[in-house]
């Protein structure tokens, strides 16, 4: 089992920056890939970015060039640095971990971007 706890959400003006973090605990040695997803009101949950054990990253087109995913293996955390935020980035941001067989989700953290 893997437990994930997100933090760092909040309210920011358009054009601003915010960093959300996800702390992992439990069977973290089994984790192969970690993800950030988001879900806006009335919309489906969508993939924002992911990072593999080897450090490879991938981003949704909508955030490419603005968001950066990173991991700190010593602290068992991943982060999502969000720059040039837009009102469309408003959503609950979720962290997910995959060990190749199972998926584990955090409870989410709200990010609100005002225009």
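In this note's numbering, the protein residues as written are 5 to 119.
Glycine included, every Cβ here is placed at the ideal spot set by N, Cα and C.
Where the beta strand (DSSP E) containing residue i begins and where it ends
i	result
residue 55	50–56
residue 121	One cannot answer for residue 121 here, as it falls past the ends of the chain, which runs 5 to 119.
Closest residue to residue i among the options (Cα-Cα distance)
i	options	result
residue 62	39, 45, 81	39
residue 85	34, 32, 111, 21	21
residue 64	106, 115, 73	73
residue 34	42, 77, 98	77
residue 107	113, 23, 99	99
residue 113	5, 10, 6	10
Own chain residues within Cβ distance below 6 Å of residue i, not counting five before or after
i	result
residue 75	55, 82
Residues near residue i in its chain [Cβ-Cβ closer than 7 Å; skip 5 each side]
i	result
residue 44	94, 95
residue 18	89, 90, 91, 117, 118, 119
Neighbourhood of residue i by C-beta distance below 8 Å, restricted to the same chain and skipping five residues each side
i	result
residue 67	52, 53, 86, 93
8 Å contact criterion, which residue i and residue j should meet: CB distance rounded
i	j	result
residue 36	residue 102	6 Å
Handout entry: Segment contact flag, the region 20–29 with the region 79–92, C-beta cutoff 8 Å, min 3 pairs
Key = yes
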